[in-house]
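Beneath this line is the structure, given in structure tokens, with notes to follow.
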Amino acid sequence: MESLTKRRMILFVLLLLNGFILLISTSSTAIHHNNNFYISRKLLQRPRPRPPPPKPNPPRPVFRRRRAPPSPP
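Each residue of the sequence shown is one higher than the one before, counting from 1 in full-length UniProt numbering.
See the structure below:
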């Protein structure tokens, strides 16, 4: 009798696991298939932004040497 309840418990856990995997796989955004790459729907809806132009190099800071303090007399 115990083996029957244990078997039922294992089958129930497998059923829950199967349902959970199906739920995750159907709610995934990466469904659209294009050239063997999965592309999410959100990425397909919006156009790709152009990369910003390269920024010019900022001016280098000028390091000046500090004068030595006057020596005491």
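Each residue gets a CB set at the ideal place from its N, CA and C atoms; glycine is no exception.
Excluding residues up to 5 positions away in sequence, nothing lies with its Cβ nearer than 8 Å to the Cβ of S25 in the same chain. Taken through DSSP and simplified to helix, strand or coil, V62 comes out as coil.
The beta carbon of L16 lies closer than 7 Å to none in the same chain, with the five residues before and after it left out.
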